[in-house]
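Colleague: If you're matching them up, the sequences are chains A and B in order.
Residues in the first sequence are numbered from 1 upward in steps of one, following our numbering.
Residues in the second sequence are numbered from 448 upward in steps of one, following our numbering.
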Amino acid sequence: MSILNQPLSGWGRYPVEICATRRPERYQDLRATAPVQIARGQGRSYGDAALGEMVILTERVNRMLAFDSVAGTLRAEAGVTLAEILDVIVPQGWFLPVTPGTRFVSLGGCVAADVHGKNHHHDGAFSQHVIAIELILADNSRVTCSATENADLFWATVGGMGLTGIIGEVSLRLISISSPYVQVHHHAAANLTETFALFENAALDDAYSVAWIDCLATGKSLGRSVLMTGHHASAVDLPSALQAPVKIKPAKSMPFDLPAAVLNPLTVKLFNQFYYSREGSKTRPFFAHYTDYFYPLDGISHWNRLYGKSGFVQYQCVIPTAGAFAAVTALLQKLAASRRPSFLAVLKKLGTQNPGLLSFPLAGYTLALDIPMRDAGVLALTRELDVIVLAHGGRVYLAKDAVLTPQAFRVMYPRHAEWLRVKAQVDAQGRFASSLSRRLDLGAQHE
Amino acid sequence: MNKTVMIVGATSAIARATAAAFAAQGHDIYLAGRNADELARIAADLAIRYRVQTRWGIFVAEDLASHDAFFTQAVADMGEMHGVVLAMGYLGDQQAAREFSVGMEVILVNFTAAASILSHCASYLEARKQGFIVGISSVAGDRGRQSNYPYGAAKAGLSIYLQGLRNRLYASGVRVITVKPGFVDTAMTYGMPGLFLVASPQYMGERIVRALNKSADVVYLPWFWRYIMLIIKFIPEPVFKRLKL
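1. State the DSSP-derived secondary structure class of P180(A), mapped to helix, strand or coil.
2. Could you please tell me which residues of the stretch 171-186 of chain A, in chain order, have their CB closer than 8 angstroms to any CB of chain D?
3. Between the stretch 554-568 of chain B and the stretch 598-606 of chain B, do at least 3 Cβ pairs fall closer than 8 angstroms?
4. Between T102(A), A433(A), F409(A), which lies nearest to A251(A) when the distance is taken from Cα to Cα?
5. Is the CB-CB distance between W419(A) and A156(A) below 8 angstroms?
6. Can you say whether W212(A) is buried or exposed, counting buried as having 16 or more other CB atoms within 10 angstroms of its CB?
7. Could you check the C-alpha separation between F432(A) and L163(A) for me, to the nearest Å?
8. Taking the C-alpha atoms as reference points, what is the distance between Y46(A) and A327(A)?
9. Exposed or buried, which one is E447(A) when buried takes at least 16 other CB atoms within 10 Å?
10. Buried or exposed for H122(A), please, with buried defined as at least 16 other CB atoms from any protein chain shown within 10 angstroms of its CB.
11. Going by C-alpha distance, which of D205(A), L153(A), R339(A), V184(A) is nearest G280(A)?
12. Quick one, which residues of the stretch 454-481 of chain B are near chain A if we go by CB-CB under 9 angstroms, in chain order?
13. Out of T195(A), I56(A), S437(A), state which residue places its alpha-carbon closest to the alpha-carbon of S19(A).
14. Is it buried or exposed for I678(B), if we count other Cβ within 10 angstroms and need 16 for buried?
15. Look at the alpha carbon of L238(A) and the alpha carbon of L65(A), and state the distance between them as a whole number of angstroms.
16. Just to confirm before moving on: does the CB-CB distance between A151(A) and L398(A) stay below 8 angstroms?
17. Please list, in chain order, all residues of the same chain as Q593(B) whose beta carbon is under 8 angstroms from its beta carbon, the five residues on each side excluded.
18. Residues in the same chain with beta-carbon distance under 8 angstroms from D632(B), minus the five sequence neighbours each way, listed in chain order, please.
19. In whole angstroms, what is the alpha-carbon distance linking D68(A) and I682(B)?
20. For I505(B) and chain A, any beta-carbon pair shorter than 8 angstroms?
21. State the DSSP-derived secondary structure class of A20(A), mapped to helix, strand or coil.
22. If you draw a straight line from the alpha carbon of R421(A) to that of L440(A), how long is it in whole angstroms?
23. Y477(B) to A521(B), Cα distance in whole Å?
24. Grab me the residues of Y295(A)'s own chain with a C-beta within less than 7 angstroms of its C-beta, minus the 5 sequence neighbours each way, in chain order.
25. Helix, strand or coil for S566(B) per DSSP?
26. Helix, strand or coil: which one does DSSP assign to I89(A)?
27. Taking the alpha-carbon of L82(A) as reference, which of A71(A), G41(A), L51(A) has the nearest alpha-carbon?
28. Could you pull the start and end residues of the alpha helix (DSSP H) that W419(A) belongs to?
29. Quick one: is F67(A) near chain B, going by C-beta distance under 8 angstroms?
30. Taking 8 angstroms as the threshold (C-beta atoms), are L86(A) and V61(A) in contact?
31. Are there 16 or more other CB atoms within 10 angstroms of the CB of S179(A), so buried, or fewer, so exposed?
32. Measuring only between beta-carbons, confirm whether A634(B) sits less than 8 angstroms from chain A.
33. With distances taken between CB atoms, is the gap from P628(B) to I583(B) smaller than 8 angstroms?
34. List the residues of chain A whose Cβ lies closer than 7 angstroms to the Cβ of R502(B), in chain order.
35. Spell out a yes or no on whether the stretch 222-231 of chain A and the stretch 181-197 of chain A are touching, meaning 3 or more CB-CB pairs, one atom from each, closer than 8 angstroms.
36. List the residues of chain A that E653(B) touches, going by C-beta distances under 7 angstroms, in chain order.
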C-alpha cells in the first residue's frame with residue numbers, strides 16, 4: 001500500500017514531525033505492516049500521541065456497522081467521528097454516554113484516550129460505556145476485549161494511547177434523550193473559593209457541569225469563573241420555537257494563523273472580562289442546542305490557529321479532591337505570574353477512577369489550560385506546574401501532553417508497571433509506538 | 448421511493464461516496480463487488496446513515512459469463528433497478544502492464560467486463576423506458592500516454608461504449624452519463640507524486656448525483672479538467688509523441 005510522507009502534529013500544533021503515513025480504506029488493511037507504527041484518527045490529541053515513524057490514518061475506516069435504535073447500542077469502525085455518530089443517533093432519540101469537548105474526534109481515539117466529559121462525576125469515562133472492542137494486535141490477529149472478556153487487555157487498551165494495538169471496531173451503549181437541547185444554568189463565582197463551593201453544592205449539581213476560569217484574574221479574584229451546569233432537556237419542556245428540527249450551522253473557519261502579538265495578556269484579559277460578565281449574568285436557566293453546549297469551539301474550524309504558527313500546549317491535570325483547592329490555587333498563581341495568556345481554562349470535578357491502567361480521570365478536580373508555545377520558557381513553566389501536580393498526588397492527561405518527562409509520568413501513573421506487563425505480553429517487539437511512547441519510555445522499541 | 452441504484456465496483460472510495468450521495472437522496476442501494484467483507488460493511492453503514500435499504504452481491508468482473516445471471520439476481524433481490532453506476536476500475540502497475548499478459552487484465556476489467564455488465568443493464572433499462580447509467584471513465588482515456596496507455600486505452604474504449612449506449616438509449620428515455628474524473632484523493636492516488644488540484648471522493652459523489660439533474664452528457668470532475676484535457680488534446684501528435692508524459 002502507498003505511503004505518503006507528510007508533516008503532522010496534534011491539535012496543539014506542537015511538535016510537528018515528518019511522518020510516513022498509510023491510509024487504509026478497507027478493514028482488512030487496518031493492520032501492522034511496518035516494523036513500528038501508531039494509529040491516528042482525527043489528530044485531535046494535542047501533543048505527540050499520534051505521531052511516529054509510521055502513522056496509520058484510520059479516517060477512511062469509518063463505517064457504522066450496527067445500530068440498534070431500540071436497545072440503544074452502536075457498533076462501528078474506529079475511524080468514525082462522534083459528529084457522524086451524533087448525526088445518526090440524535091434524530092432517533094439517542095446520545096453519546098460520554099463526550100469530550102469536540103465532536104470531531106474518532107471513536108477509536110475516544111477509547112485510546114479514555115476520554116471524559118462534563119458528566120464524569122456521575123457517569124465515569126468513555127470506556128465504562130464500551131461494550132467491547134475489536135483490537136488488531138502486533139501479529140495482526142484480531143481479539144475482542146471488554147470488561148469481562150480479555151479484561152486485562154481491555155483495561156490496558158482504554159487510555160492506552162493506541163499502544164496495545166490498532167482499535168478496529170468499538171461497540172458502545174448509548175443514552176436515551178427526548179430532545180437535542182440541553183437545559184443550561186450558569187452560576188458566576190467571584191473567586192476560586194466560590195468556584196469550589198459551587199462545585200461542592202449538591203443543590204446546584206446537574207448531569208453535566210464544567211467551569212470556565214478566567215486565569216488572568218489575580219489577587220482577590222483569582223479563580224473567578226462561570227460554572228455551567230446542564231442536563232438533556234425533555235421534549236415536553238421545550239418552548240414551541242425549539243420544537244422544529246434545527247439545521248446545524250456550518251462551522252466558521254479560522255482562515256489563517258493569528259499573529260502572536262494579538263493574543264497578549266491585555267487582549268485576553270479584556271476578552272475574559274467580557275466573557276465573565278456576559279456568561280456570568282445568565283442567571284436564569286436556558287436551552288442550548290447540544291452542539292452549542294457540548295462543542296462551543298467546534299463552531300470555528302481550525303480554532304487552534306488562534307495561538308499562531310508556533311502552536312500551543314494544553315496542560316491538563318487532575319488533582320485528588322483533598323489537595324485540589326491548594327493545587328489549583330498554586331497552578332493559577334504560577335500561570336498568572338508567567339504572564340502567558342491562556343485563552344481557554346476549564347475546571348471540572350471528576351468522579352471515581354476506573355480500572356483503566358493509564359486512564360486519566362480520578363476523583364478530584366481537573367484543570368485544563370492552553371499555553372501558547374512562544375518560547376522555550378513554556379517548558380520551564382510546565383515543569384514547575386508538574387511539581388505542583390506531583391506534590392498533590394495529581395497527574396497530567398496524556399491525550400493533551402507534549403512535554404511530560406518519563407520520571408514524572410511514572411509517579412503520576414502508579415499502575416504503569418502493570419500496563420507494561422500487558423504491553424510486553426501483546427506487543428513484545430514494540431510494534432506499536434508513538435513519539436509520546438518514546439518520550440515517556442512506554443514500552444517502545446529502543447534503537 | 449425505492450428507485451434502487453446499483454453500484455458496480457462498490458468498494459472504492461469514489462464508489463462509496465457516490466453510493467452515499469444517492470442514499471442521501473433516498474435511493475435504495477445495491478452494491479456489487481468482489482470483497483464480501485467490505486461490501487457488507489459499506490452496506491451496513493449506508494443503511495444506518497441514510498435509513499435506506501441496502502443489499503450487496505459478489506460480482507466477479509473477469510467472469511463475463513456470470514454477468515447476466517448476476518444482474519438478473521440483483522434486480523430480483525431489490526424488486527427493480529432504477530440506475531446503474533459503473534465505478535469499477537483497475538489501474539494496477541502500468542509499467543508492468545506494458546507486458547500484454549498483465550495489460551490484458553487492465554483491459555479486461557476496465558473495458559471488456561464493463562461493456563459486458565453494461566450491456567445487460569442497458570437492455571433492462573431500455574425495456575423499462577426509464578432510469579440511468581453513469582459510467583466512470585477517466586481523463587486518461589482522452590489521450591494515449593506512455594505512462595498509462597493500457598489503462599487509458601481501456602477507458603477510451605469505455606467512453607466510446609458509453610457514447611454509443613447514450614445514442615441507443617436516448618429513444619427509451621434512459622440517461623447515460625460519462626464521468627471523467629481527474630485526480631481524486633483515493634487509495635489509487637495516495638502518496639503518488641506530482642498530483643495537483645486533487646478532489647475528494649465526497650465531491651465526486653455529490654457531483655455525480657447532481658449531474659443527473661443537469662443536461663451534460665460528458666462530465667469532467669472537477670470541471671476544469673475539461674479545459675486541461677482540451678489543451679492536451681490540442682497538442683499536435685508530432686509534438687506530443689516527443690513529450691515525456
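Heads up, the beta-carbon is just placed ideally off N, CA and C, and yes, glycines get one too.
Modeller: So, from the data block:
1. Along the first sequence, one-based indexing puts residue 180(A) at 180. In this structure, P180(A) counts as coil in the three-state DSSP scheme.
2. Among the chains of the structure shown, chain D does not appear; the protein chains present are A and B.
3. With a cut-off of 8 angstroms, the stretch 598-606 of chain B and the stretch 554-568 of chain B count as touching, because enough Cβ pairs lie within range.
4. Mapped onto the first sequence, residue 251(A) falls at position 251. Among T102(A), A433(A), F409(A), the Cα nearest to that of A251(A) belongs to T102(A).
5. If you number the first sequence from 1, residue 419(A) lands on position 419. If you number the first sequence from 1, residue 156(A) lands on position 156. Against a cut-off of 8 angstroms, the Cβ pair of A156(A) and W419(A) comes out as a contact.
6. Residue numbering aside, residue 212(A) sits at position 212 when the first sequence is read from its first letter. Label assigned to W212(A): buried.
7. Here residue 432(A) corresponds to residue number 432 of the first sequence, with the count starting at 1. Here residue 163(A) corresponds to residue number 163 of the first sequence, with the count starting at 1. Their backbone Cα atoms lie some 5 angstroms apart in a straight line.
8. In the first sequence, the residue the question calls residue 46(A) occupies position 46. In the first sequence, the residue the question calls residue 327(A) occupies position 327. Cα to Cα, Y46(A) sits roughly 23 angstroms from A327(A).
9. For the purposes of this step, residue 447(A) is taken as the residue at position 447 of the first sequence. Note on E447(A): pLDDT 40, under 50, position unreliable in the model; no value is reported.
10. To locate residue 122(A), count along the first sequence from 1; it is residue 122. When all chains shown are included, H122(A) counts as exposed.
11. In the first sequence, the residue the question calls residue 280(A) occupies position 280. Among D205(A), L153(A), R339(A), V184(A), the Cα nearest to that of G280(A) is on V184(A).
12. Residues are counted here when their Cβ sits less than 9 angstroms from a Cβ of chain A; for the stretch 454-481 of chain B these are T458, S459, A460, R463, given in chain order.
13. Position 19 of the first sequence holds residue 19(A). This sequence places Cys at residue 19(A); Ser is not what is there. The shortest C-alpha to C-alpha distance from C19(A) to any of T195(A), I56(A), S437(A) is the one to I56(A).
14. Sequence index remark: in the second sequence, residue 678(B) carries index 231 (1-based). Exposed is the call here.
15. Taking the first sequence and counting its residues from 1, the one referred to as residue 238(A) is at position 238. Taking the first sequence and counting its residues from 1, the one referred to as residue 65(A) is at position 65. The alpha-carbon of L238(A) is positioned some 33 angstroms away from that of L65(A).
16. Counting from one through the first sequence, the residue named residue 151(A) turns up at place 151. Counting from one through the first sequence, the residue named residue 398(A) turns up at place 398. Against a cut-off of 8 angstroms, the Cβ pair of L398(A) and A151(A) comes out as no contact.
17. One-based indexing of the second sequence puts residue 593(B) at position 146. Within the same chain, Q593(B) has close Cβ partners K691, L692.
18. Residue mapping note: residue 632(B) aligns to position 185 of the second sequence, counting from 1. Within the same chain, D632(B) has close Cβ partners A460, V645, A646, S647, P648.
19. Position 68 of the first sequence holds residue 68(A). Position 235 of the second sequence holds residue 682(B). C-alpha of D68(A) to C-alpha of I682(B): approximately 58 angstroms in a straight line.
20. In the second sequence, residue 505(B) corresponds to position 58, counting from 1. Judged by the 8 angstroms Cβ criterion, I505(B) is not in contact with chain A.
21. Stepping through the first sequence from its first residue, residue 20(A) is reached at position 20. Three-state DSSP puts A20(A) in a strand.
22. As a working mapping, residue 421(A) is identified with position 421 in the first sequence. As a working mapping, residue 440(A) is identified with position 440 in the first sequence. Between the alpha carbons of R421(A) and L440(A) lies a distance of about 16 angstroms.
23. Here residue 477(B) corresponds to residue number 30 of the second sequence, with the count starting at 1. Here residue 521(B) corresponds to residue number 74 of the second sequence, with the count starting at 1. So the alpha carbons of these two residues sit roughly 7 angstroms apart.
24. The residue labelled residue 295(A) in the question sits at position 295 within the first sequence. Counting only Cβ-Cβ distances below 7 angstroms, and skipping sequence neighbours, we find G101, T102, R103.
25. Counting from one through the second sequence, the residue named residue 566(B) turns up at place 119. For S566(B), the secondary structure class from DSSP, reduced to helix, strand or coil, is helix.
26. The sequence position of residue 89(A) within the first sequence is 89, counting from 1. The answer is helix: DSSP assigns I89(A) an H, G or I state.
27. Counting from 1 along the first sequence, the entry for residue 82(A) is found at position 82. Closest option to L82(A), Cα to Cα, is G41(A).
28. Within the first sequence, the letter at position 419 stands for residue 419(A). W419(A) -> alpha helix (DSSP H) spans 416-426.
29. Within the first sequence, residue 67(A) is the residue found at index 67, counting from 1. Taking Cβ atoms only, chain B reaches closer than 8 angstroms to F67(A), which makes this a yes.
30. Position 61 of the first sequence holds residue 61(A). Position 86 of the first sequence holds residue 86(A). The answer is no: Cβ separation not under 8 angstroms.
31. Stepping through the first sequence from its first residue, residue 179(A) is reached at position 179. Answer is buried; the Cβ neighbour count reaches 16.
32. Here the question's residue 634(B) lines up with position 187 in the second sequence. Chain A, which has a Cβ nearer than 8 angstroms to the Cβ of A634(B), makes this yes.
33. Numbered from 1 along the second sequence, position 181 holds the residue referred to as residue 628(B). Numbered from 1 along the second sequence, position 136 holds the residue referred to as residue 583(B). In contact: P628(B) and I583(B) (Cβ atoms closer than 8 angstroms).
34. Taking the first residue of the second sequence as position 1, residue 502(B) is located at position 55. Simply none; closest approach about 16 angstroms.
35. Between the stretch 222-231 of chain A and the stretch 181-197 of chain A, the count of C-beta pairs closer than 8 angstroms reaches three or more; the two stretches touch.
36. Position 206 of the second sequence, counted from the start, is the residue given in the question as residue 653(B). Within 7 angstroms Cβ-Cβ: nothing; E653(B) doesn't reach chain A, min ~15 angstroms.
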